[in-house]
Amino acid sequence: MAEQQANGVATEQQGLQFSIQRIFVKDISFEAPNAPAIFRKEWKPEVKLDLDTRSEKLEDNVYQVILSLTVTTTVEGETAFLCEVQQAGIFAIGQLEDAQMAHMLASFCPNMLFPYAREAVSNLVNRGTFPQLNLAPVNFDALFAQYLQKRQAEAQDTRADA
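Using our numbering, you'd call the opening residue of the sequence shown number 87 and step up by one each time.
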């Protein structure tokens with residue numbers, strides 16, 4: 087069952103309580119270090135996207151999750167622009183088991199923040215008068231699964247070395 091609240095989305099499912107308290111831009115930056123010369127080059131960009139997430143507990147059942155995006159675009163080996171966005175959210179999350187909470191903070195919440203960060207990047211690139219940049223969707227569930235597999239492999243290597 088889902089119910090809409092004035093301050094966000096609240097979900098109750100088998101005792102799970104979740105609500106968005108606030109979504110906001112924590113930090114934002116746009117640089118075009120080689121402008122205006124870069125505008126004279128043929129536009130065949132190489133786009134590199136770096137993603138990072140982190141979270142912190144603010145109080146009982148309240149967490150801040152920060153999704154960091156860094157987009158570096160180069161043309162002929164020169165940086166056309168560098169765009170950094172830290173999109174954050176404050177989420178109220180009921181009691182969950184550790185594995186469920188880890189998934190919620192590292193996958194579910196960043197998935198909710200990504201469209202806002204993607205829009206911020208697109209707007210900044212537009213204001214820099216570069217061609218439109220629409221970032222592809224990100225599968226945070228797959229990234230989280232890769233992270234868990236990597237940690238499990240590292241733990242096995244550590245045990246094998248002991």
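Just so you know, even glycine gets a beta-carbon here, dropped at the ideal spot from N, CA and C.
Owing to the predicted nature of the structure, the values given are computational and were not obtained by experimental measurement.
Starting from the C-beta of residue i, find all residues in its chain whose C-beta is less than 6 Å away, skip the five residues before and the five after it, and write them out in chain order.
i	result
ALA118	PHE167, GLY214
VAL211	LEU219
Roughly how many whole angstroms lie between the Cα atoms of residue i and residue j?
i	j	result
ALA203	LEU229	17 Å
LYS130	ASN120	15 Å
ARG259	CYS195	As displayed, the chain neither begins before 87 nor continues past 248, which places residue 259 out of reach and without an answer.
MET55	VAL133	The requested residue 55 is not part of the displayed model; the chain covers only 87 to 248.
ASP80	LEU191	Since the first residue of the chain shown is 87 and the last is 248, residue 80 is not available in this structure.
ARG126	ALA239	48 Å
PHE216	ASP138	25 Å
Throw me the rounded Cβ distance for the residue i and residue j pair, which I believe falls under 8 Å.
i	j	result
ILE114	ALA206	6 Å
ALA178	PHE104	7 Å
If you run the structure through DSSP and keep just helix, strand and coil, what is residue i?
i	result
GLU164	strand
PHE226	helix
ASP184	helix
THR158	strand
LYS143	strand
LEU210	helix
ALA239	helix
GLN218	coil
Apart from the five residues on each side of it in sequence, which residues of its chain come closer than 7 Å, Cβ to Cβ, to residue i?
i	result
GLU164	ASN120, ILE124
Does residue i pass the burial test, meaning 16 or more other C-beta atoms within 10 Å, or should it be called exposed?
i	result
VAL151	buried
THR244	exposed
VAL157	buried
In its own chain, which residues sit with a C-beta less than 8 Å from the C-beta of residue i, not counting the 5 before and 5 after it?
i	result
GLU142	TYR149, GLN150
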